[in-house]
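K.L.:
My questions will all concern the structure given below.
Protein chains: 2
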Amino acid sequence: MTSAAPDARLIADFDARRPAALARAISIVENQRTGFDAVLGVLHPRIGRARRIGITGPPGAGKSTVTTQLATAYREAGLTVGIVAVDPTSPFTGGALLGDRIRMESVALDPGVYIRSLATRGSLGGLSSATRAVADVLDAYGFDRILMETVGVGQSELDIARSADTTVVILVPESGDSIQTLKAGLMEIADIFVVNKADRPGADRIRTDIELMLGMRAGEALRNVPAHHGVDLKKIMNPARVAREAAASDQTQTWTPPVLRTVAAKGEGIGDLITALDRHVRYLEASGELRRRRRQRLREQVIDVTEHKLRQRLWRDDGTNAYIDSVLSAMESGTETPFTVADALLGRSGHLLTRT
Amino acid sequence: MTSAAPDARLIADFDARRPAALARAISIVENQRTGFDAVLGVLHPRIGRARRIGITGPPGAGKSTVTTQLATAYREAGLTVGIVAVDPTSPFTGGALLGDRIRMESVALDPGVYIRSLATRGSLGGLSSATRAVADVLDAYGFDRILMETVGVGQSELDIARSADTTVVILVPESGDSIQTLKAGLMEIADIFVVNKADRPGADRIRTDIELMLGMRAGEALRNVPAHHGVDLKKIMNPARVAREAAASDQTQTWTPPVLRTVAAKGEGIGDLITALDRHVRYLEASGELRRRRRQRLREQVIDVTEHKLRQRLWRDDGTNAYIDSVLSAMESGTETPFTVADALLGRSGHLLTRT
Numbered sequence: 586m587t588s589a590a591p592d593a594r595l596i597a598d599f600d601a602r603r604p605a606a607l608a609r610a611i612s613i614v615e616n617q618r619t620g621f622d623a624v625l626g627v628l629h630p631r632i633g634r635a636r637r638i639g640i641t642g643p644p645g646a647g648k649s650t651v652t653t654q655l656a657t658a659y660r661e662a663g664l665t666v667g668i669v670a671v672d673p674t675s676p677f678t679g680g681a682l683l684g685d686r687i688r689m690e691s692v693a694l695d696p697g698v699y700i701r702s703l704a705t706r707g708s709l710g711g712l713s714s715a716t717r718a719v720a721d722v723l724d725a726y727g728f729d730r731i732l733m734e735t736v737g738v739g740q741s742e743l744d745i746a747r748s749a750d751t752t753v754v755i756l757v758p759e760s761g762d763s764i765q766t767l768k769a770g771l772m773e774i775a776d777i778f779v780v781n782k783a784d785r786p787g788a789d790r791i792r793t794d795i796e797l798m799l800g801m802r803a804g805e806a807l808r809n810v811p812a813h814h815g816v817d818l819k820k821i822m823n824p825a826r827v828a829r830e831a832a833a834s835d836q837t838q839t840w841t842p843p844v845l846r847t848v849a850a851k852g853e854g855i856g857d858l859i860t861a862l863d864r865h866v867r868y869l870e871a872s873g874e875l876r877r878r879r880r881q882r883l884r885e886q887v888i889d890v891t892e893h894k895l896r897q898r899l900w901r902d903d904g905t906n907a908y909i910d911s912v913l914s915a916m917e918s919g920t921e922t923p924f925t926v927a928d929a930l931l932g933r934s935g936h937l938l939t940r941t
Numbered sequence: 586m587t588s589a590a591p592d593a594r595l596i597a598d599f600d601a602r603r604p605a606a607l608a609r610a611i612s613i614v615e616n617q618r619t620g621f622d623a624v625l626g627v628l629h630p631r632i633g634r635a636r637r638i639g640i641t642g643p644p645g646a647g648k649s650t651v652t653t654q655l656a657t658a659y660r661e662a663g664l665t666v667g668i669v670a671v672d673p674t675s676p677f678t679g680g681a682l683l684g685d686r687i688r689m690e691s692v693a694l695d696p697g698v699y700i701r702s703l704a705t706r707g708s709l710g711g712l713s714s715a716t717r718a719v720a721d722v723l724d725a726y727g728f729d730r731i732l733m734e735t736v737g738v739g740q741s742e743l744d745i746a747r748s749a750d751t752t753v754v755i756l757v758p759e760s761g762d763s764i765q766t767l768k769a770g771l772m773e774i775a776d777i778f779v780v781n782k783a784d785r786p787g788a789d790r791i792r793t794d795i796e797l798m799l800g801m802r803a804g805e806a807l808r809n810v811p812a813h814h815g816v817d818l819k820k821i822m823n824p825a826r827v828a829r830e831a832a833a834s835d836q837t838q839t840w841t842p843p844v845l846r847t848v849a850a851k852g853e854g855i856g857d858l859i860t861a862l863d864r865h866v867r868y869l870e871a872s873g874e875l876r877r878r879r880r881q882r883l884r885e886q887v888i889d890v891t892e893h894k895l896r897q898r899l900w901r902d903d904g905t906n907a908y909i910d911s912v913l914s915a916m917e918s919g920t921e922t923p924f925t926v927a928d929a930l931l932g933r934s935g936h937l938l939t940r941t
């Protein structure tokens with residue numbers, strides 16, 4: 586199952602920066618077509634230069650507008666931009682996302698911008714590995730910034746966060762009511778908060794709510810501080826102030842997610858967002874967190890690739906499928922169970938699993 | 586890695602229909618705790634009696650209200666009901682679902698109803714296998730009807746459809762605008778359509794839209810009909826009528842999803858839904874489709890169980906993780922890639938993968 590060498594012409598055209606080769610390479614890795622691993626293997630040493638920015642939030646928060654504005658601003662600064670719009674295709678959310686794609690047309694004609702929609706519903710490898718693979722191709726091609734956008738439903742927002750160096754969570758004033766229930770999930774993924782449509786009522790309140798939530802995180806850290814000379818530090822310290830002071834004392838070693846305001850439809854606040862993104866990259870680099878995140882991505886990629894190979898070997902084997910079919914009746918009658926069948930299947934599949 | 590015998594006391598208590606044993610068995614299989622496979626293996630021969638009904642639709646369609654009303658109606662008919670409320674936990678949708686759970690309280694105190702919420706965000710096995718496993722436990726315990734409800738985001742609605750004998754898709758008049766874009770996904774999963782909140786404006790229009798969509802499916806089938814004596818059948822036949830006639834000619838061998846109207850909050854239309862569910866089961870049995878769907882579930886369970894065992898063997902092994910750590914630097918510098926590492930890892934892991 587060792588892969589053949591990748592299509593030499595494709596790689597040569599890719600190196601010559603021909604857009605058709607870029608599109609073809611992306612299609613191959615997105616759909617895990619024959620040779621996708623060889624293509625990614627050849628490109629692997631060239632990745633690591635691009636900054637990968639994940640953008641997520643609830644439906645209607647203006648993610649595509651913010652993404653388009655960011656792309657425009659980066660282009661004005663002379664940087665090239667790859668956009669991966671991840672659509673966790675659902676019969677019930679598909680329509681909204683289609684609309685989003687259309688709204689991106691203002692940057693779609695710029696040759697310095699490349700937009701790719703991913704809709705890998707139910708794919709074996711999952712959105713997470715498809716997103717990472719497509720971002721790898723864009724990175725190897727030489728894009729300076731890679732914007733990965735997805736609506737936060739299911740676990741697509743987790744997949745995006747895993748694929749990004751920096752994750753931006755976009756909320757709107759209307760998200761305020763649910764912020765208390767969102768706490769854990771948001772804290773897990775957000776490096777930067779954006780309150781978009783901040784000219785609407787409620788923008789201040791949601792900003793306060795988020796900052797309160799961030800203060801609670803500092804409070805959790807404090808629980809590990811031992812009582813000092815009989816004084817309970819937790820009782821005399823303001824968690825939010827502790828977090829601010831920690832951030833101020835060494836801006837490059839700790840990170841408290843800023844809460845920015847934008848009115849993306851008018852371009853307001855996008856400059857501040859770019860500044861915050863730049864500041865976050867400096868923090869990632871100085872603290873060693875960038876290397877840690879990228880190593881974690883490599884680990885996850887090894888796991889994905891290994892499991893993909895195992896699945897291919899097992900489930901595309903005629904003998905395996907014939908074996909399962911032969912025991913279906915026994916499972917229906919209860920004399921075998923899926924667990925006894927799985928054990929037997931692994932016992933008889935050694936040659937498939939370990940061949941090189 | 587062969588499993589130990591399951592806790593004999595747990596199984597005895599389960600057989601004595603003690604609710605505490607039911608709750609414990611569900612927790613064990615939901616969280617894939619030690620011995621979960623032994624529990625499911627013992628229960629496996631007892632499953633197959635319950636009817637499994639999946640209920641899905643967009644946020645706000647009234648899924649929990651319909652579920653509660655169905656449960657109430659089944660209880661009045663002397664049947665017991667297990668409810669699996671699947672929450673594809675997202676930081677952005679969590680709040681809405683929490684509200685749904687609370688609305689189910691009217692049936693929650695009835696000892697003939699058992700409600701379990703599943704929120705297995707990012708779990709290895711995925712929602713699909715957790716849902717199926719919990720439904721298996723409820724089935725083995727003796728519940729007559731198992732209602733599995735989820736909001737249609739991500740691919741949770743696909744997972745539910747895979748776990749159910751019959752899938753009910755609930756829409757509301759407001760869903761009408763997006764129905765054209767929903768087509769493919771809905772046709773894939775819906776056995777019965779319900780237009781809930783049908784006392785609102787637009788109910789007739791969405792019903793017509795769905796029926797048109799169903800007619801288009803018949804139209805697609807017609808494309809395979811060859812021209813007959815020079816007459817193009819496609820041009821003279823009304824696809825919707827063809828579908829209706831096909832359904833009328835042999836009600837037990839073909840199935841056209843009915844489009845029902847409910848006002849679930851007032852209990853209106855629930856009787857018709859129960860009738861349609863009964864009619865669908867008769868179709869499933871007479872056509873052989875029930876056996877086909879259940880065999881497909883068994884196949885998928887064998888695949889899930891096998892992959893779960895492989896993952897456990899590989900990724901919980903200290904040697905495997907130490908090996909990945911040892912090649913991280915080489916992957917960073919580009920002398921190794923995740924693909925060469927995966928090949929090497931499979932080559933050295935034969936003893937882990939095939940041991941019995």
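Residue numbers (our numbering), protein chains in the order written: chain R, 586 to 941; chain E, 586 to 941.
For each residue, glycine too, the CB sits at the ideal point set by N, CA and C.
Because the structure is a prediction, the values reported are computed rather than measured.
1) For methionine 733 of chain R, which residues does DSSP report across the bridge?
2) To the nearest angstrom, report how far apart arginine 785 of chain R and glycine 645 of chain R are at their CA atoms.
3) If contacts are defined as beta-carbon pairs under 8 Å, then valine 754 of chain R and phenylalanine 778 of chain R qualify, I think. What distance do you get, rounded to the angstrom?
4) For alanine 693 of chain E, I'd like the list of residues in its chain whose CB is within less than 8 Å of its CB, leaving aside the five on either flank, ordered along the chain.
5) Note the first and the last residue of the continuous alpha helix (DSSP H) segment covering phenylalanine 924 of chain R.
6) Helix, strand or coil, according to DSSP, for leucine 664 of chain E in the structure here?
7) Under 8 Å, do threonine 735 of chain E and threonine 652 of chain E count as touching if we go by C-beta distance?
8) Can you tell me whether isoleucine 948 of chain R is helix, strand or coil according to DSSP?
9) Using the beta-carbon count (16 or more within 10 Å), is glutamine 654 of chain R buried or exposed?
10) Leaving out five residues on either side along the sequence, give the residues of the same chain with a beta carbon under 6 Å from the beta carbon of aspartate 598 of chain R.
11) Under three-state DSSP, which class holds alanine 601 of chain E?
12) Quick one, are the C-beta atoms of arginine 602 of chain R and tyrosine 726 of chain R less than 8 Å apart?
13) Does any CB atom of chain E fall closer than 8 Å to the CB of arginine 792 of chain R?
14) To which residues does DSSP link arginine 846 of chain R through a beta bridge?
15) I'd like to check one pair, valine 719 of chain R with valine 666 of chain R: are the Cβ atoms closer than 8 Å?
16) Express the C-alpha separation of threonine 891 of chain E and arginine 898 of chain R in angstroms, rounding to a whole number.
17) How would you label glycine 854 of chain R, buried or exposed, when you count the other beta carbons within 10 angstroms and need 16 or more for buried?
18) Check whether chain E comes within 8 Å of isoleucine 909 of chain R, counting only Cβ atoms and requiring the distance to be less than that.
19) Does DSSP put arginine 618 of chain R in a helix, a strand or coil?
20) Determine the closest residue to arginine 747 of chain E out of E/Met733, E/Ser760, E/Glu759, with distance taken between C-alpha atoms.
21) Do glycine 737 of chain E and glutamate 759 of chain E have their C-beta atoms closer together than 8 Å?
22) Give every residue of the same chain whose Cβ lies closer than 8 Å to the Cβ of alanine 658 of chain E, excluding the five residues on either side of it in the sequence, and list them in chain order.
23) Measuring CB to CB, does glutamate 615 of chain E end up less than 8 Å from leucine 712 of chain E?
24) For aspartate 622 of chain R, which residues in chain E fall below 7 Å Cβ to Cβ?
25) Let me know the secondary structure DSSP gives arginine 785 of chain R once reduced to three states.
26) Check threonine 841 of chain R in the structure and name its three-state DSSP category.
27) Taking the continuous alpha helix (DSSP H) assigned at leucine 703 of chain R, which residues delimit it?
28) When you compare the CB of isoleucine 888 of chain R with every CB in chain E, is at least one pair closer than 8 Å?
29) Check the Cβ-Cβ distances between arginine 884 of chain R and every residue of chain E, and say whether any is below 8 Å.
30) Can you tell me which residues form a DSSP beta bridge with glutamate 853 of chain E?
31) For glutamine 838 of chain R, count the other beta carbons within 10 Å of its own beta carbon; 16 or more makes it buried, fewer makes it exposed. Which is it?
32) To the nearest angstrom, how far is it from the Cα of arginine 879 of chain R to the Cα of aspartate 750 of chain R?
33) What does lysine 894 of chain R reach in chain E if we use C-beta pairs closer than 7 Å?
34) Pick from R/Arg717, R/Asp889, R/Thr650: whose alpha carbon is nearest that of arginine 636 of chain R?
35) Would you say glycine 919 of chain E faces chain R, with C-beta separation under 8 Å as the test?
36) What does methionine 916 of chain R touch in chain E if you count any residue whose Cβ is under 7 Å from its own?
P.N.:
Straight from the coordinates:
1) Sequence index remark: in the first sequence, residue 733 of chain R carries index 148 (1-based). DSSP lists R/Gly639, R/Val669 as partners of methionine 733 of chain R.
2) Taking the first residue of the first sequence as 1, we reach residue 785 of chain R at position 200. Taking the first residue of the first sequence as 1, we reach residue 645 of chain R at position 60. Spanning the two alpha carbons is a distance of roughly 14 Å.
3) Numbered from its first residue, the first sequence carries residue 754 of chain R at position 169. Numbered from its first residue, the first sequence carries residue 778 of chain R at position 193. Between phenylalanine 778 of chain R and valine 754 of chain R the Cβ distance is about 5 Å, and since that is below 8 Å, they are a contact.
4) Taking the first residue of the second sequence as 1, we reach residue 693 of chain E at position 108. Excluding positions up to five away in sequence, the list reads Ile700.
5) Translated into positions along the first sequence, residue 924 of chain R becomes position 339. Segment 923-933, the alpha helix (DSSP H) holding phenylalanine 924 of chain R.
6) Taking the first residue of the second sequence as position 1, residue 664 of chain E is located at position 79. Looking at leucine 664 of chain E - three-state DSSP - the assignment turns out to be coil, as it is neither helix nor strand.
7) On the second sequence, position 150 is the one that residue 735 of chain E refers to. On the second sequence, position 67 is the one that residue 652 of chain E refers to. Result no, Cβ atoms of threonine 735 of chain E and threonine 652 of chain E do not sit closer than 8 Å.
8) Any property of residue 948 of chain R remains undetermined from this structure, which presents chain R solely from 586 to 941.
9) By one-based count along the first sequence, residue 654 of chain R stands at place 69. Buried, because 16 or more other Cβ atoms sit within 10 Å of the Cβ of glutamine 654 of chain R.
10) For the purposes of this step, residue 598 of chain R is taken as the residue at position 13 of the first sequence. Ala606.
11) Along the second sequence, read from residue 1 onward, the residue named residue 601 of chain E stands at position 16. It is coil, neither helix nor strand.
12) The residue given as residue 602 of chain R occupies position 17 in the first sequence. The residue given as residue 726 of chain R occupies position 141 in the first sequence. Closer than 8 Å, so yes.
13) For the purposes of this step, residue 792 of chain R is taken as the residue at position 207 of the first sequence. By this cut-off, arginine 792 of chain R is not an interface position.
14) Against the first sequence, residue 846 of chain R aligns to sequence position 261. Per DSSP, R/Val780.
15) Translated into the one-based positions of the first sequence, residue 666 of chain R becomes position 81. Translated into the one-based positions of the first sequence, residue 719 of chain R becomes position 134. It is not a contact, given that the beta carbons lie outside the stated cut-off.
16) Position 313 of the first sequence, counted from the first residue, corresponds to residue 898 of chain R. Position 306 of the second sequence, counted from the first residue, corresponds to residue 891 of chain E. Approximately 13 Å, taken between the alpha carbons.
17) Along the first sequence, one-based indexing puts residue 854 of chain R at 269. Buried is the call here.
18) For this step, residue 909 of chain R is matched to residue 324 along the first sequence. Yes, contact with chain E.
19) If you number the first sequence from 1, residue 618 of chain R lands on position 33. Here arginine 618 of chain R sits in coil by DSSP.
20) Sequence index remark: in the second sequence, residue 747 of chain E carries index 162 (1-based). Minimum Cα distance to arginine 747 of chain E is reached at E/Met733.
21) Locating residue 737 of chain E in the second sequence gives position 152, counting from the first residue. Locating residue 759 of chain E in the second sequence gives position 174, counting from the first residue. For glycine 737 of chain E and glutamate 759 of chain E, no; Cβs fall outside 8 Å.
22) Along the second sequence, one-based indexing puts residue 658 of chain E at 73. Only Ile855, Gly856, Ile859 meet the Cβ criterion.
23) Within the second sequence, residue 615 of chain E is the residue found at index 30, counting from 1. Within the second sequence, residue 712 of chain E is the residue found at index 127, counting from 1. No, the pair does not count as a contact, with Cβ atoms beyond the cut-off.
24) Counting from one through the first sequence, the residue named residue 622 of chain R turns up at place 37. Near aspartate 622 of chain R (Cβ distances below 7 Å), the residues of chain E are Phe924.
25) What you label residue 785 of chain R is simply residue 200 of the first sequence in a count that begins at 1. Arginine 785 of chain R: coil per DSSP, three-state reduction.
26) Within the first sequence, numbered from 1, the residue matching residue 841 of chain R stands at position 256. If DSSP states are grouped into helix, strand and coil, threonine 841 of chain R belongs with coil.
27) Here residue 703 of chain R is taken as the residue at index 118 of the first sequence, counted from 1. That residue, leucine 703 of chain R, is in no alpha helix (DSSP H); its beta strand (DSSP E) goes 698-703.
28) Here residue 888 of chain R refers to the residue found at position 303 of the first sequence. Cβ-Cβ to chain E under 8 Å: yes for isoleucine 888 of chain R.
29) The count along the first sequence starts at 1 and reaches residue 884 of chain R at position 299. Yes, arginine 884 of chain R lies at the interface with chain E (some Cβ there is under 8 Å from its Cβ).
30) Indexing the second sequence from 1 puts residue 853 of chain E at position 268. Per DSSP, E/Val848.
31) As a first step, residue 838 of chain R is located in the first sequence; it is residue number 253 there, counting from the start. The residue in question, glutamine 838 of chain R, is exposed, as its Cβ has fewer than 16 Cβ neighbours within 10 Å.
32) As a first step, residue 879 of chain R is located in the first sequence; it is residue number 294 there, counting from the start. As a first step, residue 750 of chain R is located in the first sequence; it is residue number 165 there, counting from the start. So the alpha carbons of these two residues sit roughly 8 Å apart.
33) On the first sequence, residue 894 of chain R is found 309 positions in, with the first residue counted as 1. Going along chain E in sequence order, the residues near lysine 894 of chain R (Cβ under 7 Å) are Ala927, Leu931.
34) Your numbering for residue 636 of chain R matches position 51 in the first sequence. Checking every option, the nearest Cα to that of arginine 636 of chain R belongs to R/Arg717.
35) Stepping through the second sequence from its first residue, residue 919 of chain E is reached at position 334. So, interface residue.
36) Residue numbering aside, residue 916 of chain R sits at position 331 when the first sequence is read from its first letter. Under the 7 Å cutoff, chain E gives Leu883.
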